[in-house]
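A.B. asks: Provided herewith is a single structure, encoded as structure tokens, for subsequent inquiry.
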Amino acid sequence: MRADKFPIGIIGGTGGMGKWFASFFRQEGYSVQISGRNTGLAPRQMAEVCPVVIVSVPIAATDAVIREVGPCMPHDSLLMDLTSLKEAPVRAMLEVSVSEVIGLHPLFGPRVASLDGQNIAVCPGRGERWLPWLKDIMEKNGAHLVEATPEGHDKMMALVQGLNHFNTVVLGLTMAESGVSPEELRRFSTPALRERLDHLGRIFAHPDLYAHLIADNPHTDKFLSLYGKNLDELRGLLHSGDMAAVTKMIKSMNIL
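Structure, rendered in structure tokens:
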């Protein structure tokens, strides 16, 4: 099927990642239909004219959008989502549609210039027709595709996003209560800390998004328990003054 023979629909195509992928597919020669809050086709209309529909809305709205558009998708079409969690969206897409289903998670933000060198998690849900098409268009643009089950993906995201963002939020809260001004902190900051401060700035700008990334993943709590255990153990060793034990504990984290 030629690229200019079918349109791709993006629900949430005016937001960050939706807008990014709308631009990407247009550059690849596809026509793109957008469904935003106040613009473009309604989701049900999009399902009637677009054989590929991508859901790219905030996590909290994803399930409702899938349940609105899914029943309208024909069996030979493709329904995808771009959310950061995959178990619940893929389960919902499989439940309410007869179409092919793929859960997609771009492991980058809308500020990147291209797919070249970027990781994308792919969670096939149902069907075999559209997956080769998706892989081809992504890989020819330099993306590294990581295929996983929805559960396997979310377990990894509990570390990559849940624990990671939790740790950054705790760091930010601690800094906020330290009495040190952001300006003074930056005067003494290392390049590594400046990167962390930039990350804190992104979280502060989108608190609802990061709250959902931490709280909505059912696997995150397990890692938060491990985090708390290691924090208590390391703090106890520091209080005891047993530097040999502290050094041994640091060495034990050899994961790189």
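Our numbering puts the last residue of the sequence shown at 1517; the count rises by one with no breaks.
Built from N, CA and C at the ideal position, the CB exists for glycine as well.
1) Do you know offhand how far Met-1514's Cα is from Gly-1279's?
2) Starting from Arg-1455, follow the beta strand (DSSP E) in both directions and report where the run begins and ends.
3) Just the C-alpha distance for Leu-1302 and Met-1334, rounded to the nearest angstrom, thanks.
4) So, helix, strand or coil for Asp-1477, using DSSP?
5) For the putative contact between Leu-1343 and His-1366, defined by C-beta atoms under 8 Å, what is the C-beta separation to the nearest angstrom?
6) Return the residue from the list Asp-1397, Leu-1492, Leu-1346 that minimises the CA-CA distance to Cys-1384.
7) Asn-1380 to Lys-1509, Cα distance in whole Å?
8) Nearest to Phe-1484 by CA position, among Arg-1390, Asn-1428, Ala-1308, Gly-1370, is which residue?
9) Expressed to the nearest angstrom, what Euclidean distance is found between the alpha-carbon atoms of Gly-1297 and Gly-1273?
10) Quick test of your reading: Ile-1269 and Cys-1311, contact by CB under 8 Å. State the CB separation rounded to the nearest angstrom.
11) On a Cα-Cα basis, can you pick out the residue from Ala-1382, Glu-1389, Gly-1378, Thr-1323 that is closest to Ser-1338?
12) Here's a check: name, in chain order, each residue in its chain whose Cβ is nearer than 6 Å to the Cβ of Leu-1470, leaving out the five neighbours to either side.
13) With DSSP as the reference, label Met-1278 as helix, strand or coil.
14) Can you name the start and end residues of the beta strand (DSSP E) that Met-1341 belongs to?
15) In chain order, what residues of the same chain lie with their CB nearer than 7 Å to the CB of Leu-1424, ignoring the 5 residues before and after it?
16) Between Val-1507 and the rest of its own chain, which residues show a CB-CB distance below 8 Å, the 5 nearest in sequence each way excluded?
17) In the DSSP assignment, find the beta strand (DSSP E) that holds Ala-1382 and state where it starts and stops.
18) Starting from the Cα of Thr-1323, find the closest Cα among Ala-1353, Ser-1284, Asp-1493 and give me that residue.
19) Return the CA-CA distance between Ile-1271 and Gly-1462, expressed in angstroms with no decimal places.
20) Using a Cβ-Cβ cutoff of less than 7 Å, which residues in the same chain neighbour Ser-1360 once the five nearest sequence positions on both sides are dropped?
21) Beta-carbon within less than 6 Å of Met-1262's beta-carbon, same chain only, minus the 5 sequence neighbours each way: which residues are those?
22) Arg-1328: which of Pro-1304, Pro-1319, Thr-1435 sits nearest, CA to CA?
23) Please classify Asp-1415 as buried or exposed, where buried requires at least 16 other C-beta atoms within 10 Å of its C-beta.
24) Going by Cα to Cα distance, which pick from Val-1357, Gly-1370, Ala-1505 is closest to Trp-1281?
25) Who pairs with Gly-1367 in a beta bridge, going by DSSP?
26) Suppose the cutoff is 7 Å on Cβ atoms and the five residues either side in sequence are ignored; what does the same chain contact list for Ala-1264 look like?
C.D. replies: Checking against the coordinates, here is how it stands:
1) Locating residue 1514 in the sequence shown gives position 253, counting from the first residue. Locating residue 1279 in the sequence shown gives position 18, counting from the first residue. Cα to Cα, the separation comes out at about 38 Å.
2) Position 194 of the sequence shown holds residue 1455. Here Arg-1455 belongs to no beta strand (DSSP E); instead the alpha helix (DSSP H) covers 1452 to 1466.
3) Start at 1 with the first residue of the sequence shown, and residue 1302 comes out as number 41. Start at 1 with the first residue of the sequence shown, and residue 1334 comes out as number 73. When rounded, the distance between both Cα atoms is 15 Å.
4) Residue numbering aside, residue 1477 sits at position 216 when the sequence shown is read from its first letter. Three-state DSSP puts Asp-1477 in coil, outside helix and strand.
5) If you number the sequence shown from 1, residue 1343 lands on position 82. If you number the sequence shown from 1, residue 1366 lands on position 105. Sure, about 7 Å apart at Cβ, within 8 Å.
6) As a first step, residue 1384 must be located in the sequence shown, where it is residue number 123. For the residues Asp-1397, Leu-1492, Leu-1346, the minimum Cα distance to Cys-1384 belongs to Leu-1346.
7) Taking the sequence shown and counting its residues from 1, the one referred to as residue 1380 is at position 119. Taking the sequence shown and counting its residues from 1, the one referred to as residue 1509 is at position 248. Near 34 Å, if we compare the C-alpha coordinates of Lys-1509 and Asn-1380.
8) Along the sequence shown, read from residue 1 onward, the residue named residue 1484 stands at position 223. Of Arg-1390, Asn-1428, Ala-1308, Gly-1370, the residue nearest in Cα terms is Asn-1428.
9) Residue numbering aside, residue 1297 sits at position 36 when the sequence shown is read from its first letter. Residue numbering aside, residue 1273 sits at position 12 when the sequence shown is read from its first letter. Roughly 5 Å separates the two Cα atoms.
10) Residue 1269 sits at position 8 when you count from the first residue of the sequence shown. Residue 1311 sits at position 50 when you count from the first residue of the sequence shown. Going by Cβ atoms, the distance from Ile-1269 to Cys-1311 rounds to 6 Å, so yes, they are a contact pair.
11) Numbered from its first residue, the sequence shown carries residue 1338 at position 77. When only C-alpha atoms are compared, the closest one is Glu-1389.
12) Within the sequence shown, numbered from 1, the residue matching residue 1470 stands at position 209. Same-chain partners within the cutoff: there are none.
13) Residue numbering aside, residue 1278 sits at position 17 when the sequence shown is read from its first letter. Three-state result, Met-1278: helix.
14) The count along the sequence shown starts at 1 and reaches residue 1341 at position 80. Residues 1339 to 1342.
15) Start at 1 with the first residue of the sequence shown, and residue 1424 comes out as number 163. Correct list, in chain order: Thr-1481, Phe-1484, Leu-1485, Tyr-1488.
16) Translated into the one-based positions of the sequence shown, residue 1507 becomes position 246. Excluding positions up to five away in sequence, the list reads Leu-1495, Leu-1498, Leu-1499.
17) Taking the sequence shown and counting its residues from 1, the one referred to as residue 1382 is at position 121. Unbroken beta strand (DSSP E) run through Ala-1382: 1380 to 1387.
18) For the purposes of this step, residue 1323 is taken as residue 62 along the sequence shown, with counting starting at 1. When only C-alpha atoms are compared, the closest one is Ala-1353.
19) The residue you call residue 1271 lines up with position 10 of the sequence shown. The residue you call residue 1462 lines up with position 201 of the sequence shown. Ile-1271 and Gly-1462: Cα-Cα distance of roughly 28 Å.
20) Here residue 1360 corresponds to residue number 99 of the sequence shown, with the count starting at 1. Counting only Cβ-Cβ distances below 7 Å, and skipping sequence neighbours, we find Met-1334, Pro-1335, His-1336, Ser-1338, Leu-1339, Leu-1340.
21) Locating residue 1262 in the sequence shown gives position 1, counting from the first residue. Bear in mind that the predicted position of Met-1262 carries a pLDDT of just 44, short of 50, making it unreliable; the figure below should be weighed with that in mind. For Met-1262, where only same-chain residues beyond five positions count, there are no Cβ hits under 6 Å.
22) Within the sequence shown, residue 1328 is the residue found at index 67, counting from 1. Considering only alpha carbons, the answer is Pro-1304.
23) Here residue 1415 corresponds to residue number 154 of the sequence shown, with the count starting at 1. Under this definition Asp-1415 is a buried residue.
24) By 1-based counting over the sequence shown, the position of residue 1281 is 20. Among Val-1357, Gly-1370, Ala-1505, the Cα nearest to that of Trp-1281 belongs to Gly-1370.
25) As a working note, residue 1367 is residue 106 in the sequence shown. Note that residue 1367 is Pro in the sequence shown here, rather than Gly. Note: Pro-1367 sits in a beta bridge opposite Ile-1381.
26) For the purposes of this step, residue 1264 is taken as residue 3 along the sequence shown, with counting starting at 1. Confidence in Ala-1264 is poor, its pLDDT being 47 and thus under 50, which makes the residue's placement too unreliable to answer from.
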